[in-house]
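In my numbering, the protein residues as written are 1 to 288.
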């Protein structure tokens, strides 16, 4: 196993993807080495910003998915190590059994959260945010087989660098809020529309709409989500369910100056009935 705190993964890995990522890092460092941003022209400065953001989105998406993968590996026992330990002698089994735990335990960490925050040099809150997004947009595993992500369109755009992490979080939040209240086809339509708006792609869901072809910032995506909520699930009810109506309620405050304060909320019908009851009581009192 490679050292836990290695600085150059390509030196100990034969995986061509890992080697390529490390080479891309070296190429980027070489390109930016000694660069003075203040000496760039206005157009060059904007072009540099766009170029770096484009690279950053690819890297950020991969960081989310990689973090989620390491956390997943840290939640479960290593079955292969456990199987080998089962055929060893008693003394060997005791040693091997220590390795039949999760990835984090094998590396001396209490949890995947501690492992990732230590290796990646990030806060635990950032690890949790990555994990939350990765579980919704990243590949899931069952019995060693990959499953389709909960939100595959978001996942594809995130991994391909078409969406930024913050944009993806907003979209996932919108979809989670709609998930129990709309039909599957409608949820898919919302997902595709928001991803297209976030990436600036013109798709059947966005063609002809105001702003089509413009990549929306997270705040605008959030506003779009509110509009979808109002259109598809204004009352929060699931398809086929009866509309959930608020019930009237009334509570009494403390006694003060010979009376009680009131606090509550009433439906239109209950208010009408209350007014009618009060008028009847006034008539009875007046007649008495």
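From the three backbone atoms N, C-alpha and C, an ideal C-beta is built for every residue, glycine too. Remember, predicted model here, so these are calculated numbers, not experimental data.
- If you look at residue 102, you'll find it isn't in any alpha helix (DSSP H); DSSP assigns it neither H nor E.
- Residue 210 and residue 193 have their C-alpha atoms spaced approximately 13 Å apart.
- Beta-bridge partners of residue 263 (DSSP): 251.
- Its Cα nearest to that of residue 74, the residue 115 stands out among 53, 57, 115.
- Fully contained in the region 115–159 are the following alpha helix (DSSP H) runs of length 4 or more, in chain order: 124–137, 152–159.
- Setting aside the 5 residues that flank it on each side, residue 137 is surrounded in the same chain by 149, 151, 154, 155, 158, 168, 172, each with a C-beta closer than 7 Å to its C-beta; the list follows chain order.
- The residues 175, 178, 179, in chain order, have a CB closer than 7 Å to that of residue 187 in the same chain once the five nearest residues on each side in sequence are set aside.
- In this structure, the alpha-carbon of residue 161 lies about 8 Å from that of residue 56.
- Pairwise C-beta distances place the region 63–71 in contact with the region 127–144, as three or more of them are shorter than 8 Å.
- Taking a contact as a CB-CB distance under 8 Å, the pair residue 170 and residue 222 counts as one, their CB atoms being some 5 Å apart.
- Judged by their CB atoms, residue 249 and residue 264 are nearer to each other than the 9 Å cut-off.
- With fewer than 16 other Cβ atoms from the protein chains shown falling within 10 Å of its own Cβ, residue 20 counts as exposed.
- In the displayed model, residue 217 falls within coil according to three-state DSSP, outside both helix and strand.
- Residue 31 carries a helical assignment under DSSP once its states are collapsed to helix, strand and coil.
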